[in-house]
Amino acid sequence: MYLGSSTRVRTGAGYTVPIPISAGVKQGDPLSPILFNLAIEAVVRVAQKLAPSHVYCFSADHVFSILAYADDLCLIARGDEEMRGLLDAVGRVASWAGLKFKASKCASLDVDCRKKRMVPPTPFQVQGNVTIVLAEGEEYRHLGVPTGYKVWGSKVEKGPLAKLDREVKRLAKAWMFQPRRASA
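Just so we're aligned, residue 1 is where the sequence shown starts under the UniProt record's numbering, counting upward by one.
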């Protein structure tokens, strides 16, 4: 269906030459999100199927090896070998479904949750490509949030905002504590 597909962009000078669509789904096509959901569902299901043997169990009722939001996936495993098995299984199913992971947008983080410490980073591969390996203090943006071990949640400088913060507090205090009118 997408073989030989192309798109054009309307500019002030008219339409561009056709641009081939080689990855992703067609924007605005009602079938595209359905096709993507069917493909990603197979990936999520294979990861869930491996959960009991591959992931650290948070409780008897909460065992999982994948967190997913749209096209953002987070795989969780209890060790290096389990993660390799999970990545292999997920990669095979993704390839079968026509999905390709971009290794440059993938990262691994090795943390020992019981001892609350980082363990030596391990390189992993997804669909034959090496992913980014995070060290202590390094971050990866997952859904726009800095994720890592010993990473500050925000790197916003507080100094420039201090004056604005004082002004907002002053106005809020004045608004909240209006003087009462004297009764006549």
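In this text, a Cβ means the ideal position worked out from N, Cα and C, and glycines have one as well.
Counted as a single uninterrupted DSSP element, the alpha helix (DSSP H) harbouring alanine 47 occupies residues 31-49. If you draw a 10 Å sphere on the C-beta of serine 5, you find fewer than 16 other C-beta atoms in it, and that means exposed. Beta bridge pairing from DSSP links glutamate 138 with no other residue.
One alpha carbon belongs to proline 20, the other to alanine 51, and they sit about 39 Å apart. By the Cβ test, the region 167-176 is not in contact with the region 95-104, since fewer than three Cβ pairs between them sit closer than 8 Å. Within the region 67-128, the complete beta strand (DSSP E) runs of at least 3 residues fall at 72-75. Residue state for valine 133 is assigned as strand, using DSSP reduced to three classes.
Under the DSSP definition of a beta bridge, proline 20 partners with Ser6. With distances taken between CA atoms, alanine 107 lies nearest to Tyr149 out of Ala70, Lys115, Tyr149, Gly98.
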